[in-house]
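These notes are about the structure you will find just below.
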Amino acid sequence: MAMTMNGEVQLDAPKDLVWTKLNDPEVLKQCIPGCEELEKTEDQEGFRAVAKLKVGPVSARFKGRVTLSDLDPPNGYKITGEGEGGVAGFAKGGAVVGLSEKDGGTLLSYDVEAHIGGKLAQLGQRLINGSAKKLADEFFANFSKAVQNGNGAA
Numbered sequence: 001m002a003m004t005m006n007g008e009v010q011l012d013a014p015k016d017l018v019w020t021k022l023n024d025p026e027v028l029k030q031c032i033p034g035c036e037e038l039e040k041t042e043d044q045e046g047f048r049a050v051a052k053l054k055v056g057p058v059s060a061r062f063k064g065r066v067t068l069s070d071l072d073p074p075n076g077y078k079i080t081g082e083g084e085g086g087v088a089g090f091a092k093g094g095a096v097v098g099l100s101e102k103d104g105g106t107l108l109s110y111d112v113e114a115h116i117g118g119k120l121a122q123l124g125q126r127l128i129n130g131s132a133k134k135l136a137d138e139f140f141a142n143f144s145k146a147v148q149n150g151n152g153a154a
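Each residue of the sequence shown is one higher than the one before, starting from 1 at the first, in the UniProt record's numbering.
Structure (structure tokens):
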């Protein structure tokens, strides 16, 4: 099953700071809902991640890999990843993230495309989309706090 989502978040911080935080594994680990582990890979272009997620009645621990590409500091990048959740299924996809100066702060825009399979895909499009939006909203609320605190703590 395929899913798309996009949006924008206005952050009250300079673009350089937002860029730095978007590339900091400690900040991302604190902001990603259910994230248990996030560490840079040896090639320095990505991360290994473990996240525990619950979507409707399905709960699973996903292990995966995330890669950053098309790096354009401090304007944006493309992030792609895939994760395995055992019997719950799999998820893979990517997002284009852009940063632009707006109203004395930074406008972060994102455009996501993902594919899921297994038990998760059987839950239905509406439940999946609602859960994905909730997770995205939670991430950006946490990220906004981390950026405004300036110290990386969400």
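Positions of the beta carbon are idealized from the N, C-alpha and C atoms, including for glycine.
Note that the structure is predicted; figures quoted are calculated from it, not measured.
- Express the C-alpha separation of Gly104 and Gly64 in angstroms, rounding to a whole number. Per the coordinates, the alpha-carbon of Gly64 lies some 36 Å from the alpha-carbon of Gly104.
Taking the alpha-carbon positions, what's the Gln10 to Asp111 distance? If I take the Cα positions, the gap works out to 15 Å.
Through-space distance from Glu42 to Asn6, alpha-carbon basis | Going by the C-alpha atoms only, they are around 31 Å apart.
Can you pull the DSSP bridge partners for Asn6? According to the DSSP secondary-structure assignment, Asn6 is paired through a beta bridge with Asp111.
* If you pair each beta-carbon of the stretch 11 to 19 with each one of the stretch 112 to 119, do three or more pairs fall below 8 Å? -> Verdict: no, contact absent.
Original post:
Does DSSP classify Thr20 as helix, strand or coil?
Top reply: If DSSP states are grouped into helix, strand and coil, Thr20 belongs with the helices.
Counting only the same chain and skipping the five closest in sequence on each side, list residues whose C-beta sits under 7 Å from that of Ala88.
Excluding its 5 nearest sequence neighbours in each direction, Ala88 has C-beta neighbours in its own chain below 7 Å: Val58, Ala60, Gly118, Lys119 and Leu120, listed in chain order.
### Query
How should residue 198 be labelled, buried or exposed, when 16 other C-beta atoms within 10 angstroms of its C-beta is the threshold for buried?
The structure shown does not extend to residue 198, since the chain spans only 1 to 154, so no value can be given for it.
Next on the checklist: Cutting at 6 Å between CB atoms, please list the residues of its own chain near Met1, excluding the five before and the five after it.
Outcome noted: Taken in chain order, the residues that qualify are Ile116 and Ala121.
Notebook entry, point to check: What residues match up with Glu101 in a beta bridge as DSSP calls it?
Noted result: The beta-bridge partner set that DSSP reports for Glu101 consists of Thr106.
Alpha helix (DSSP H) containing Leu68: first to last residue?
Careful: Leu68 lies outside any alpha helix (DSSP H), inside the beta strand (DSSP E) at Val58 to Asp72.
- Query: Count the other CB atoms within 10 Å of the CB of Thr4; is the residue buried (16 or more) or exposed (fewer)?
  - Reply: Result: exposed.
Practice prompt. Consult DSSP for Gly124 and reduce its assignment to one of helix, strand or coil.
Written response: Of the three classes helix, strand and coil, the one that applies to Gly124 here is coil, per DSSP.
Under the three-state DSSP convention, the category Glu26 falls into | Glu26 falls in the helix class under three-state DSSP.
Original post:
What number of angstroms, rounded off, separates the C-alpha of Ala153 from the C-alpha of Ala146?
Top reply: Its pLDDT being 46, under 50, Ala153 is placed unreliably by the model, and the measurement read from it follows with that caveat. C-alpha separation (whole angstroms): 5 Å.
(message) Relative to the C-alpha of Ala136, which candidate in Ala49, Ser109, Val66 and Gly124 has its C-alpha closest?
(response) Among Ala49, Ser109, Val66 and Gly124, the Cα nearest to that of Ala136 is on Ser109.
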